[in-house]
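Working notes, structure below.
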Amino acid sequence: MLGNISRRAFLWITGGSGAAVMFKPARQFVEKLIPYVNPPKYPKPGEWAFFATTCRECPAGCGMLMWHRDGRVTKAEGNPFHPLNRGKLCIRGQSSVQGQYDPERLTKVLNRQEDGTHRESNWQEALDAIREGLNQARPSVVSDIQTGSMARTLESFTKKFGGRAPVYYEAFNYEAIRKAHQQLYNQDRIPRYDLEGCDLIVSFNTDFLETWLAPVEYARSFGDFHSLKNNKIGKYIYLGATRTLSAANADRYIRIEPGSEALILYTLANRLKERGAIQDSRYQDRIPAVQGNTGLDEATLNALTDHILQARDPFILAGSPSDNSPQAVEAAKAGALLNELLGNQNRIDFAQYHALSFTAPKKEAHEFFHSLTSDDILVIHNTNPVFTEPGLEEYIRQAGQVIYIGTMMNETAELADWVLPSNYPLEEWGDYEPWRGTLSLMQPTMAPVFDTRSAGEILMELTHESPSISYKDRVRTYWQDWSLKNNGALKRGGKSLAADQTKQFYDKALQSACIRASFRKDHPAMQPVKPDPSAIRYKLSDESFHFMLYPSLFLYDGRLANRTWLQEIPHPITNIVWQSWAEMNSRKAKEMGIGDGERIRVSAGGQTLEVPVRLTSDTDPNTIAMYAGQGHRAMGENAKGTGINAFALMEDPGKGFRVNVEKTGQTDTPLYLQPTDDQHERELLRHVDLEKLTGGTAHKDQINWPLPRGYDKKHDMYEPHEHKDHRWAMVIDLQKCIGCKACEAACYAENNIITVGRKNLEEGREMSWLKVTPYKLDEQRTGFLPVPCQHCDNAPCEPVCPVFAAVHTEEGLNAQVYNRCIGTRYCSNNCPYKVRRFNWVRHEHEFPTNLQLNPDVTVRDHGVMEKCTFCVQRIRSVQQTAKKENRAIRDQEIQPACVQTCPTDAIVFGDLHDKNSRVRQLYEDRRRYQLLGELNTKPAVIYLKKIRIKT
Amino acid sequence: MKNVLDIAKRPVTKILMVVMLALLAIGTWMFHNFYEGKIGKEQPIPFSHRVHVENKNISCVVCHEGAIQTSRAGVPPVETCMLCHENIIVHHPEIQKLRAHYNNNDPIYWEKINEVPDFVFFNHSLHTYRKIDCGECHGNVQAMDRVSRVHELNMGFCIDCHKEKKASIDCFTCHR
Numbered sequence: 001m002l003g004n005i006s007r008r009a010f011l012w013i014t015g016g017s018g019a020a021v022m023f024k025p026a027r028q029f030v031e032k033l034i035p036y037v038n039p040p041k042y043p044k045p046g047e048w049a050f051f052a053t054t055c056r057e058c059p060a061g062c063g064m065l066m067w068h069r070d071g072r073v074t075k076a077e078g079n080p081f082h083p084l085n086r087g088k089l090c091i092r093g094q095s096s097v098q099g100q101y102d103p104e105r106l107t108k109v110l111n112r113q114e115d116g117t118h119r120e121s122n123w124q125e126a127l128d129a130i131r132e133g134l135n136q137a138r139p140s141v142v143s144d145i146q147t148g149s150m151a152r153t154l155e156s157f158t159k160k161f162g163g164r165a166p167v168y169y170e171a172f173n174y175e176a177i178r179k180a181h182q183q184l185y186n187q188d189r190i191p192r193y194d195l196e197g198c199d200l201i202v203s204f205n206t207d208f209l210e211t212w213l214a215p216v217e218y219a220r221s222f223g224d225f226h227s228l229k230n231n232k233i234g235k236y237i238y239l240g241a242t243r244t245l246s247a248a249n250a251d252r253y254i255r256i257e258p259g260s261e262a263l264i265l266y267t268l269a270n271r272l273k274e275r276g277a278i279q280d281s282r283y284q285d286r287i288p289a290v291q292g293n294t295g296l297d298e299a300t301l302n303a304l305t306d307h308i309l310q311a312r313d314p315f316i317l318a319g320s321p322s323d324n325s326p327q328a329v330e331a332a333k334a335g336a337l338l339n340e341l342l343g344n345q346n347r348i349d350f351a352q353y354h355a356l357s358f359t360a361p362k363k364e365a366h367e368f369f370h371s372l373t374s375d376d377i378l379v380i381h382n383t384n385p386v387f388t389e390p391g392l393e394e395y396i397r398q399a400g401q402v403i404y405i406g407t408m409m410n411e412t413a414e415l416a417d418w419v420l421p422s423n424y425p426l427e428e429w430g431d432y433e434p435w436r437g438t439l440s441l442m443q444p445t446m447a448p449v450f451d452t453r454s455a456g457e458i459l460m461e462l463t464h465e466s467p468s469i470s471y472k473d474r475v476r477t478y479w480q481d482w483s484l485k486n487n488g489a490l491k492r493g494g495k496s497l498a499a500d501q502t503k504q505f506y507d508k509a510l511q512s513a514c515i516r517a518s519f520r521k522d523h524p525a526m527q528p529v530k531p532d533p534s535a536i537r538y539k540l541s542d543e544s545f546h547f548m549l550y551p552s553l554f555l556y557d558g559r560l561a562n563r564t565w566l567q568e569i570p571h572p573i574t575n576i577v578w579q580s581w582a583e584m585n586s587r588k589a590k591e592m593g594i595g596d597g598e599r600i601r602v603s604a605g606g607q608t609l610e611v612p613v614r615l616t617s618d619t620d621p622n623t624i625a626m627y628a629g630q631g632h633r634a635m636g637e638n639a640k641g642t643g644i645n646a647f648a649l650m651e652d653p654g655k656g657f658r659v660n661v662e663k664t665g666q667t668d669t670p671l672y673l674q675p676t677d678d679q680h681e682r683e684l685l686r687h688v689d690l691e692k693l694t695g696g697t698a699h700k701d702q703i704n705w706p707l708p709r710g711y712d713k714k715h716d717m718y719e720p721h722e723h724k725d726h727r728w729a730m731v732i733d734l735q736k737c738i739g740c741k742a743c744e745a746a747c748y749a750e751n752n753i754i755t756v757g758r759k760n761l762e763e764g765r766e767m768s769w770l771k772v773t774p775y776k777l778d779e780q781r782t783g784f785l786p787v788p789c790q791h792c793d794n795a796p797c798e799p800v801c802p803v804f805a806a807v808h809t810e811e812g813l814n815a816q817v818y819n820r821c822i823g824t825r826y827c828s829n830n831c832p833y834k835v836r837r838f839n840w841v842r843h844e845h846e847f848p849t850n851l852q853l854n855p856d857v858t859v860r861d862h863g864v865m866e867k868c869t870f871c872v873q874r875i876r877s878v879q880q881t882a883k884k885e886n887r888a889i890r891d892q893e894i895q896p897a898c899v900q901t902c903p904t905d906a907i908v909f910g911d912l913h914d915k916n917s918r919v920r921q922l923y924e925d926r927r928r929y930q931l932l933g934e935l936n937t938k939p940a941v942i943y944l945k946k947i948r949i950k951t
Numbered sequence: 001m002k003n004v005l006d007i008a009k010r011p012v013t014k015i016l017m018v019v020m021l022a023l024l025a026i027g028t029w030m031f032h033n034f035y036e037g038k039i040g041k042e043q044p045i046p047f048s049h050r051v052h053v054e055n056k057n058i059s060c061v062v063c064h065e066g067a068i069q070t071s072r073a074g075v076p077p078v079e080t081c082m083l084c085h086e087n088i089i090v091h092h093p094e095i096q097k098l099r100a101h102y103n104n105n106d107p108i109y110w111e112k113i114n115e116v117p118d119f120v121f122f123n124h125s126l127h128t129y130r131k132i133d134c135g136e137c138h139g140n141v142q143a144m145d146r147v148s149r150v151h152e153l154n155m156g157f158c159i160d161c162h163k164e165k166k167a168s169i170d171c172f173t174c175h176r
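Chains as they are written, first to last, in the working numbering: chain V, 1 to 951; chain U, 1 to 176.
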């Protein structure tokens, strides 16, 4: 085209565009200002407000504090006043805002047509039709686990219309633990396990750092337990079928075949008894004499026994969340017995049992679904049994009318005649009692985004309880009843308080969102129950494989599958994204001729699925392991068609899961964001032996200080930076980091980081500012290396930027000025840590995802380099508050998003100029080192070496 | 036609025209020198800052209380206007318009005059805390009937002042 252009046309174009440039563009972005007519007293426009509520992303029920600004919530944080998680939050909780603003949330009342499609309807029509149905048939209710007000509402609903008691259905219902305790203590309960203060944890396939019962609380205890204090440190041994996140954190990972747990536990008990190590002799004659091959060699068994013997306060964790085979029950029983023998009665409290104790056992749930007839109206609230047990679909279809109340379209909702969109938990009043005695309140943190209603209100309207009382009133009444019954706060001298005083207490309770009961611990005596010899008898596998299904750290049982953060943050051990995979032993695969990344056909009882394998020596040779949650047929666009639904194989969980494996020959390698966990001797993640630390012989590495004192004429080309007032720095303790990825999700939420999807990730266009990478230290141990921007004092990115977009600020931060950036990518090329992210993708922040954007952080467009800022918006916010209050900034007052959420407090942030700051003290720690410090970049992020504990 | 020319030729007319032109010139000169600022956009309700600030001596932060408390100065809600106009000049047609907005819970769509782009994180309260007068950026508002933009609030304007007052000129102070 340019070849044909005439001289005259050329001049015309250049002259015209030149003139256009000279005209001043109109710089009016917003044209109208629309103030309130009557403003609310609080929150003020443009200011943060915080609302305490309860996380309902999994049954753990942690406390949350929602950052609210101008009528919308942008970020979830742990509630520091909540006794379970104490200010910390896991990756699932962090993603709750993405669930709230899921563009594919149910927004309209839907009515199912003859052909199976849904048409839009309205509330009036739906409620009239349902009422009419209720006059003729009895309702049955299935719900996810609910306690308190919601349980009351569901019960009064079924009672009013003569239905059966509501069934609480959860895919992971910890039935093995309940059955074991029913036999041993006559208590069909999941007791509260207290890990605080013990010095040896032996876990049998329990992933307590990921999803098991109260992961955030356990991770916090574990961080404490696993750090060196007064030359003492806790040891942690994991016995399991594959290397999960909890296994990777162990000081020793022992590969065992699933089903052998009980035999190993009883063998250990016998050995402890032989060596006279039983601390509580009441039950020592209960130890069954067992024989047989445990699958472990003598040295391992001896080492295990020795460790338990040497420990002051050992604790055994056993009990599968999903498996309820006799073997799994026996394992839980054996674990409970061993804990009794080790004197752990005070660590296991039956008075504070978990809400999951109320879930229907699988058999009961099946009977319930099988009994449905056309005379039944089935109300399903917020649970997805068709996904977690595809076999239930035909029984649900038998029900006369199916009503689904929930927030997302899913496999179960697709079958429903009426789909009623309910408020997201963040828009909702409510309460949840995760552990008996800990009542956690929920309050709306913002107005509903869509035309949705509270599930409680819908049911109360159907029973005509509403509008005389609202669901909100019910929550308050429940709180009042509960408090009067369980603690003394609402009583003075045996009398209840007056209404206005009670209201004051309620307002206060809503601020902290949690109240606790005052009652004693309960640990009943053990019943004389004989072990089940058939469940202990253990024979090494035949041709078929064990199938181990783990709850996913990200998606739990699949309910969170539509969230891009959870799909895009790589799995902590494998680094796989947007995909399902099966873990298989590499030696076994070689025997079968299966290559890495090849698809295998796994079948059980007529069900088949094809899934790519990841070969690893960490998996038991007779096991296929998968994580739950992927492979949705219906749900949002992100969930649909991503991965494979592993639940498909679990027809009858009571039998234990046995599967057959065939080779298909097709290759479908999953996408690994990091191809290897091998360090190739680069010593990125360093460790130090415990003996050297306690013996005082540990070598203290030299560091290049990111301060003028780190300047050396011989090595440095540029003059040192003089920092004004502060020099921000970070210390990351690798011993404490458990690789749970909560920090990555927090970073996505705080900093408006976009997700780019699988195709872009394949091309290396990931956007995460913070990356937690697993590296293997040796065959036994894995470490996790969180790498944010190192905010180097001698940053290689800064001098190469042609437009000064990468600049060193006066407080030591390495800033990226987005407006200046022209996208040359020289800086990223020069960064040895590869923490700079070039934005290749034009991302439309469509409604309602735009409501999640943090208004304190610029929304970047494509063509711009972006990177970690140490959450400068939070630094500024604290500085501004301090300035207005005329005081200095307190140490650790500034908490970047990653620091704030870290369950183990592995990351510390602070001012290096402050001699007394925690960061400054940790800079002098014996375990310090700098990542790639030999490059003389003088990073401000200091790592503390992982401690290698001999086991 | 002839008559008109005749009238124009009269000396009285000539003098009158010269006087008128002179008056116009003086008026223009006075307008530019004594009436500060230009005339801003027309607002839905002709609120005069001059009347309220200069004549009635009301401080800026009585209505724009956000300026000393939060990052945003904020446009006052209708409720704030009604604090006084519930009882003062009740019958003026424009005040009645205001009352209608208040009674119907119907917000007023004011025209925005001053603007900083969304990648600039400006905090009003910090500046007022440092005793920076509102007029440094907003001009002499007390002399304006219809508020207009006095300074182009661009980066050079901010930096000049920051340098002069020895405030931070770190990029991360305003951009994040």
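Every residue, glycine too, gets a C-beta built ideally from N, C-alpha and C.
Checklist entry - Helix, strand or coil for E766/V per DSSP? => result coil
Checklist entry - By a C-beta neighbour count over all protein chains shown, 10 Å radius and 16 as the cutoff for buried, is W12/V buried or exposed? => result Counting of Cβ neighbours within 10 angstroms places W12/V among the exposed residues, the total staying below 16.
Next on the checklist: Helix, strand or coil, according to DSSP, for M1/V in the structure here?
Outcome noted: Unreliable placement is indicated for M1/V, whose pLDDT of 48 sits below 50; no coordinate value is reported for it.
Checklist entry - Quick one, which residues of the stretch 842-864 of chain V are near chain U if we go by CB-CB under 7 Å, in chain order? => result D856, V857, T858
Item to check | C-alpha distance - M584/V paired with V613/V, whole-angstrom precision | outcome: 6 Å
Item to check | Endpoints, beta strand (DSSP E) assigned at D689/V | outcome: 687-689 is the extent of the beta strand (DSSP E) around D689/V.
Next on the checklist: Nearest by alpha-carbon distance to G910/V: which of I753/V, R727/V, G276/V, L932/V is it?
Outcome noted: R727/V
Checklist entry - Do the CB positions of N575/V and L673/V come within less than 8 Å of each other? => result The Cβ atoms of N575/V and L673/V lie closer than 8 Å to each other.
Next on the checklist: Three or more C-beta pairs under 8 Å: does that hold for the stretch 591-604 of chain V against the stretch 268-277 of chain V?
Outcome noted: no
Item to check | Residue burial classification, R192/V (beta-carbon count within 10 angstroms, cutoff 16) | outcome: buried
Item to check | Where the alpha helix (DSSP H) through H843/V begins and ends | outcome: Note, H843/V: premise wrong, no alpha helix (DSSP H); not H, not E.
Next on the checklist: I need the straight-line Cα distance from T388/V to G631/V, nearest angstrom please.
Outcome noted: Answer to the nearest angstrom: the Cα atoms are 11 Å apart.
Next on the checklist: Let me see if you follow: with CB-CB separation under 8 Å, is V18/U close to chain V or not?
Outcome noted: no
Item to check | Between the CA atoms of F10/V and M1/V - distance to the nearest angstrom | outcome: Here the model assigns M1/V a pLDDT of 48, short of 50, so the residue's position is not dependable and the matter cannot be decided.
Item to check | As assigned by DSSP and simplified to three states, the class of M635/V | outcome: coil
Next on the checklist: DSSP three-state label for M17/U, please.
Outcome noted: The answer is helix: DSSP assigns M17/U an H, G or I state.
Checklist entry - Are Q146/V and Y168/V touching if we call contact CB-CB under 8 Å? => result yes
Next on the checklist: Between L317/V and F208/V, how many whole angstroms is the CB-CB distance? I'm expecting something under 8 Å.
Outcome noted: So it is a contact: roughly 6 Å between Cβ atoms.
Checklist entry - Is the stretch 510-519 of chain V touching the stretch 429-438 of chain V in the sense that three or more CB pairs, one from each, lie closer than 8 Å? => result As far as the Cβ criterion goes, the stretch 429-438 of chain V touches the stretch 510-519 of chain V, which means the pair count is three or higher.
Checklist entry - Can you find a CB in chain V that lies within less than 8 Å of the CB of G139/U? => result no
Checklist entry - Span of the alpha helix (DSSP H) holding N79/V? => result Run containing N79/V: none; DSSP gives neither H nor E here.
Checklist entry - Among residues of its own chain, excluding the 5 on either side of D145/U, which ones have a beta-carbon nearer than 6 Å to its beta-carbon? => result Listed in chain order, the non-local C-beta contacts of D145/U below 6 Å within the same chain comprise S48, R50, local neighbours out to five positions each way being set aside.
Item to check | Buried or exposed by the 16-neighbour rule on C-beta atoms within 10 Å, applied to P802/V | outcome: exposed
Next on the checklist: Under 8 Å, CB to CB, which of the residues in the stretch 795-820 of chain V have a partner in chain U?
Outcome noted: V807, T809, E810, E811, L813, A815, V817, Y818, N819
Next on the checklist: Tell me which residues share the same chain as F870/V and place their Cβ nearer than 8 Å to its Cβ, disregarding the 5 neighbours each side in the sequence.
Outcome noted: Excluding sequence neighbours, F870/V sits near W728, M730, P788, C789, H791, L813, P896, F909.
Item to check | Continuous beta strand (DSSP E) assignments of at least 3 residues falling wholly in the stretch 857-918 of chain V | outcome: 907-911
Item to check | Cutoff 6 Å; reference I875/V; Cβ partners in own chain excluding five residues on either side | outcome: I894
Next on the checklist: So that I know if they touch, is there some Cβ in chain V lying closer than 8 Å to that of K112/U?
Outcome noted: yes
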